[in-house]
Amino acid sequence: MSCNTLVVVGTGIKFMSHLTTEAKVCIEKADKVLYLINEPFMQEWIKSINPSSESLDALYTKYIDRDDNYKLISEFVLKNLESTKLLCLAIYGHPTYLAQPVIYSVNSALKKGFNVFILPGISSIDCLFADLGIDPGTGGYQSFEATDFLIYNRAYNSSCHLVLWQISVIGLKKIAKNYNPKKGLDILTSHLNLKYPLSHPVFLYEASQYPSLKANIKKIQLRDLSKSNISRITTLYIPPKQEKKINQKILKIFRSLNINDN
Amino acid sequence: MSIVNFLCDLANCVPNAVEINNLISSQSHHVKKAFQENNATLLKELISNQFFYANETKVTNY
Chain A
1 MSCNTLVVVG TGIKFMSHLT TEAKVCIEKA DKVLYLINEP FMQEWIKSIN
51 PSSESLDALY TKYIDRDDNY KLISEFVLKN LESTKLLCLA IYGHPTYLAQ
101 PVIYSVNSAL KKGFNVFILP GISSIDCLFA DLGIDPGTGG YQSFEATDFL
151 IYNRAYNSSC HLVLWQISVI GLKKIAKNYN PKKGLDILTS HLNLKYPLSH
201 PVFLYEASQY PSLKANIKKI QLRDLSKSNI SRITTLYIPP KQEKKINQKI
251 LKIFRSLNIN DN
Chain B
263 MSIVNFLCDL ANCVPNAVEI NNLISSQSHH VKKAFQENNA TLLKELISNQ
313 FFYANETKVT NY
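Line order of the protein sequences matches chains A and B.
Just so it is clear: in the first sequence, position 147 is 147 by the working numbering, and no numbers are missing.
Just so it is clear: in the second sequence, position 15 is 277 by the working numbering, and no numbers are missing.
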């Protein structure tokens, strides 16, 4: 039983274009595929390529509390893994990025002695860097889930690139229909205004999900955030506010060590 | 040709390739409209009325 294998794959953001060769092979050859995909065409493709595939959508929305659903999915994955030689869990985007059901499933599988492999996928942050021409290595990059960012008062540096996820559901722990994001966005704006002026440019970003379609990128001022049209896949990117400041003390040490000759 | 096959063909094109226009032109009015308007939502609606935006119950993973 314990030689059964769980392979978790990310299917990327853009339909088919982002599917890696190793992910495709696993989906095709698995004895069973469980998938949690928020895009109907990829669902159709998985069903066509591997008839054993089964959607986890119903479990994702079974209970009101999202965390309960994540645990339910993990239990379901484990149950299937016990009777499946090669089980593939296919997730939209990158399989461990904001994907708590995967983390729960992987940890449970490892605890029970199953083989586990996680294959990376292209996430929306990869798309964002490409579409906005950002090098996260220059200036540094920080990202937070928006509710987590606010509740834990996460420390951040306004001279870094800042990315905030899930801004449409700020403060929402439970599943809710027709949630109005305005209140949460107002709170977020006030919080960001502690470090950025209201005139600071910010970007509302949605990666392209289909080949030949363009990403949706809207540049606005911070003050207009809560008035903007936000969808469930909108990500907020905030460019650095100020130039990097050199730590002269460290630089002096580096120079003395000839690490940096400039 | 199904929309899924059409999108697979598109995925095999390099950006701005001439055949992209030909592929899109061969599609139905609604598909063409979705691409002209850069409207992913419309494209999804063509295959399913139950994708996750519609019931607003699901938060995407990244």
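The beta carbon of each residue, even a glycine, is placed where N, CA and C say it ideally should be.
Given the structure is predicted, the values throughout are model-derived calculations rather than measurements.
Cβ-Cβ separation, residue j to residue i (assumed contact under 8 Å), whole Å
i: A:ILE167; j: A:LEU110; result: Not really, about 33 Å apart at Cβ, beyond 8 Å.
i: A:LEU6; j: A:PHE114; result: 6 Å
i: A:SER158; j: A:LYS195; result: 4 Å
i: A:PRO201; j: A:PRO240; result: About 11 Å separates the two Cβ atoms, so there is no contact after all.
i: A:GLY121; j: A:THR20; result: 7 Å
i: A:ASP131; j: A:ALA215; result: 5 Å
Any chain B beta carbon closer than 8 Å to residue i
i: A:PHE129; result: no
i: A:GLU54; result: no
i: A:GLN248; result: no
i: A:PHE41; result: yes
Any chain A beta carbon closer than 8 Å to residue i
i: B:VAL218; result: Here chain B covers residues 263 to 324 and nothing more, so residue 218 of chain B does not appear.
i: B:LEU304; result: no
Proximal chain B residues relative to residue i, where beta-carbon distance stays under 8 Å
i: A:LYS214; result: ASN300
i: A:SER17; result: ALA273
i: A:TYR210; result: LEU269, LEU272, ALA302 and LEU305
Neighbourhood of residue i by C-beta distance below 6 Å, restricted to the same chain and skipping five residues each side
i: A:SER17; result: PRO211
i: A:VAL106; result: VAL116
i: A:LYS85; result: ASN4 and ASP31
i: A:ASN180; result: none
Same chain, Cβ closer than 8 Å to residue i, neighbours up to 5 away in sequence not counted
i: A:TYR295; result: Nothing in the structure corresponds to residue 295 of chain A, since chain A is present only between 1 and 262.
i: A:TYR104; result: TYR70, LYS71, ILE73 and SER74
i: A:SER143; result: ILE125, LEU162, VAL163, LEU164 and TRP165
Listed by chain order, chain B residues near residue i by CB distance under 7 Å
i: A:PHE114; result: Simply none; closest approach about 22 Å.
Contacting residues, own chain, Cβ-Cβ under 7 Å from residue i (five flanking each side not counted)
i: A:ILE220; result: VAL202, LEU204 and SER228
i: A:ASN80; result: LYS32, LEU34 and LEU87
Residue i CB to nearest heavy atom of the ligand COA below 7 Å
i: A:CYS26; result: This structure lacks the ligand COA; in fact it carries no ligand of any kind.
At a cut of 8 Å, does the region 267 to 277 of chain B reach the region 235 to 251 of chain A through at least three beta carbon pairs? Short answer: they don't touch.
Answer yes if the region 48 to 56 of chain A comes into contact with the region 9 to 29 of chain A, meaning at least three C-beta pairs across the two stretches below 8 Å, and no otherwise. Between the region 9 to 29 of chain A and the region 48 to 56 of chain A, the count of Cβ pairs shorter than 8 Å is three or higher; the stretches touch.
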